[in-house]
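Okay, structure first, notes after.
Residue numbers (the UniProt record's numbering): 1 to 219.
In structure tokens, the structure reads:
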């Protein structure tokens, strides 16, 4: 794939082949930066989800939304504060499916390189999530799928050009919360490591239908 500018990159023809363009883009090794350096003026069609309408892509320029921010200060020492925080988490999970936490005990040095660029779907609108200093973003969408905890919203998420990375060397197992399991509520997904999840997800190649990798770990 030769990186060009303008309409050459954004194919509007009726016989558009998304998989072919994705493979060509991947083989070019140019990346998104290569497209920007080439001076494109339109978003390439391969990056546009056909299942999202233009009305859904509204942002918060006219409407102000208060993204839930939960302060964990005192959660371990004060039983009453513990209950208050639990109620806040429950409310945020039921109404947003998404929230941020502060005073979580993670050193600021670990979080200092965090950057903005996240949006979540709320009330049929994509909401910009502000980058709050020292705050951690909690999206319960995948947790809700794994734990099958009813009553919680699953916040859709929209990745933008900024991103983050994680270590695949993490040896810990991730899976359903054991305290929530019982004979009546058995686990729906098996435990896995970040490495195994990443290897499977990356090894699938181009996933045009946007199927979640979690289905592979379903019991």
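The beta carbon of each residue, even a glycine, is placed where N, CA and C say it ideally should be. Since the structure is predicted, the reported quantities are computational estimates derived from the model, not experimental observations.
With 16 other Cβ atoms within 10 Å as the buried cut-off, status of residue 105: Counting from 1 along the chain shown, the entry for residue 105 is found at position 105. Exposed is the call here.
What separation, rounded to the nearest whole angstrom, lies between the Cα atoms of residue 157 and residue 98? Within the chain shown, the letter at position 157 stands for residue 157. Within the chain shown, the letter at position 98 stands for residue 98. Because residue 157 carries a pLDDT of 46, less than 50, the predicted location of this residue cannot be relied on, and the following value inherits that uncertainty. Taking the straight line joining both Cα atoms gives about 10 Å.
* Since residue 102 contacts residue 128 with CB under 8 Å, what's their CB separation in whole angstroms? -> Position 102 of the chain shown holds residue 102. Position 128 of the chain shown holds residue 128. Actually they do not touch by this definition, with Cβ atoms about 19 Å apart.
query: Roughly how many whole angstroms lie between the Cα atoms of residue 75 and residue 82?
result: As a working note, residue 75 is residue 75 in the chain shown. As a working note, residue 82 is residue 82 in the chain shown. Distance between the alpha carbons of residue 75 and residue 82 is about 4 Å.
Q.
Starting from residue 220, trace the beta strand (DSSP E) in both directions and tell me its first and last residue.
A. Because the chain here runs from 1 to 219, residue 220 falls outside it and cannot be looked at.
Curious, which full-length alpha helix (DSSP H) runs of at least 4 residues does the UniProt domain "Non-haem dioxygenase N-terminal" (67 to 113) contain?
79 to 95 and 108 to 111
inquiry  = On the criterion of 16 or more Cβ atoms from any shown chain inside 10 Å, does residue 43 qualify as buried, or is it exposed?
reply    = Position 43 of the chain shown, counted from the first residue, corresponds to residue 43. Answer is exposed; the Cβ neighbour count stays below 16.
TODO: Name the one or two DSSP bridge partners that residue 40 has.
DONE: Position 40 of the chain shown, counted from the start, is the residue given in the question as residue 40. Its beta-bridge partners do not exist; DSSP assigns none.
Query raised in the report: Do residue 217 and residue 193 have their CB atoms nearer than 8 Å?
Result: Taking the first residue of the chain shown as 1, we reach residue 217 at position 217. Taking the first residue of the chain shown as 1, we reach residue 193 at position 193. Result no, Cβ atoms of residue 217 and residue 193 do not sit closer than 8 Å.
Original post:
Is residue 190 closer than 8 Å to residue 175 when the C-beta atoms are compared?
Top reply: Taking the chain shown and counting its residues from 1, the one referred to as residue 175 is at position 175. Taking the chain shown and counting its residues from 1, the one referred to as residue 190 is at position 190. Yes.
For this session: Using 10 angstroms around the beta-carbon of residue 4, count the other beta-carbons present and answer buried if the total reaches 16, otherwise exposed.
Result: Residue numbering aside, residue 4 sits at position 4 when the chain shown is read from its first letter. Note on residue 4: pLDDT 43, under 50, position unreliable in the model; no value is reported.
What residues are listed by DSSP as bridge partners for residue 196? Indexing the chain shown from 1 puts residue 196 at position 196. Answer is none; residue 196 lacks a bridge partner.
Check: Does the beta-carbon distance from residue 69 to residue 100 come in below 8 Å?
Finding: The residue you call residue 69 lines up with position 69 of the chain shown. The residue you call residue 100 lines up with position 100 of the chain shown. Cβ distance < 8 Å, so residue 69 and residue 100 count as in contact.
*asked:* Measuring straight from C-alpha to C-alpha, what distance separates residue 124 and residue 137?
replied: Your numbering for residue 124 matches position 124 in the chain shown. Your numbering for residue 137 matches position 137 in the chain shown. Distance between the alpha carbons of residue 124 and residue 137: 20 Å.
Per DSSP, residue 218 is paired with what? Locating residue 218 in the chain shown gives position 218, counting from the first residue. Note: residue 218 sits in a beta bridge opposite 189.
Practice task
Can you say whether residue 135 is buried or exposed, counting buried as having 16 or more other CB atoms within 10 angstroms of its CB?
Solution key: For this step, residue 135 is matched to residue 135 along the chain shown. Buried, since its Cβ has 16 or more Cβ neighbours within 10 Å.
Once DSSP output is grouped into helix, strand and coil, what is the label at residue 128?
Within the chain shown, residue 128 is the residue found at index 128, counting from 1. Looking at residue 128 - three-state DSSP - the assignment turns out to be strand.
Work out the CA separation of residue 20 and residue 184 for me, nearest whole Å. Within the chain shown, the letter at position 184 stands for residue 184. Within the chain shown, the letter at position 20 stands for residue 20. If you take the alpha carbons of residue 184 and residue 20, they lie about 46 Å apart.
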